[in-house]
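Reviewing the structure listed below.
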Amino acid sequence: MNWIIVVVFAMTLQDTDGGRDMYVFTEPTYESKDMCEADITDPMVYPGLIEKLVSEYKQLKKIEAVVCVTPQELKQALSGSMKT
Numbered sequence: 000m001n002w003i004i005v006v007v008f009a010m011t012l013q014d015t016d017g018g019r020d021m022y023v024f025t026e027p028t029y030e031s032k033d034m035c036e037a038d039i040t041d042p043m044v045y046p047g048l049i050e051k052l053v054s055e056y057k058q059l060k061k062i063e064a065v066v067c068v069t070p071q072e073l074k075q076a077l078s079g080s081m082k083t
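Heads up: the sequence shown begins at 0 in numbering that gives the first Met the number 0, then just goes up one per residue.
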């Protein structure tokens with residue numbers, strides 16, 4: 000099973016619909032949740048993740064959570080949030 004990193008950004012005043020922005024790292028993928036969680040807590044790895052976020056958004060947005068999920072879990076979460 001593949002695991003991916005998802006960054007959930009903090010809610011801002013501009014988020015009037017109650018939704019939250021998120022960024023999905025499609026690379027790298029991990030064979031286990033433990034391997035993924037090891038990377039998101041490794042001080043040698045997460046600066047590269049932050050660098051990618053800054054290059055995508057041209058600023059550093061406040062991060063609420065960084066989680067490891069399977070693509071299926073992400074799809075379920077997104078489809079559940081779209082139903083409300």
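Every residue, glycine too, gets a C-beta built ideally from N, C-alpha and C.
### Query
Which first and last residues belong to the beta strand (DSSP E) in which Val85 is found?
Coverage of the chain is limited to positions 0 through 83, which leaves residue 85 absent and any answer about it impossible.
### Task
Run the CB neighbour count on Val23, radius 10 Å, all protein chains shown included, and call it buried at 16 or more, exposed below.
By the C-beta density criterion, Val23 is exposed, having fewer than 16 other C-beta atoms within 10 angstroms.
### Query
Where do the N-terminal and C-terminal ends of the alpha helix (DSSP H) with Glu63 fall, by residue?
Segment 62-68 is the beta strand (DSSP E) holding Glu63; no alpha helix (DSSP H) there.
### Query
Skipping 5 residues on each side, what residues in its chain have a beta carbon closer than 8 Å to that of Ile49?
Leu59
### Query
What is the DSSP secondary structure of Met10, reduced to helix, strand or coil?
Residue state, collapsed to three classes: coil.
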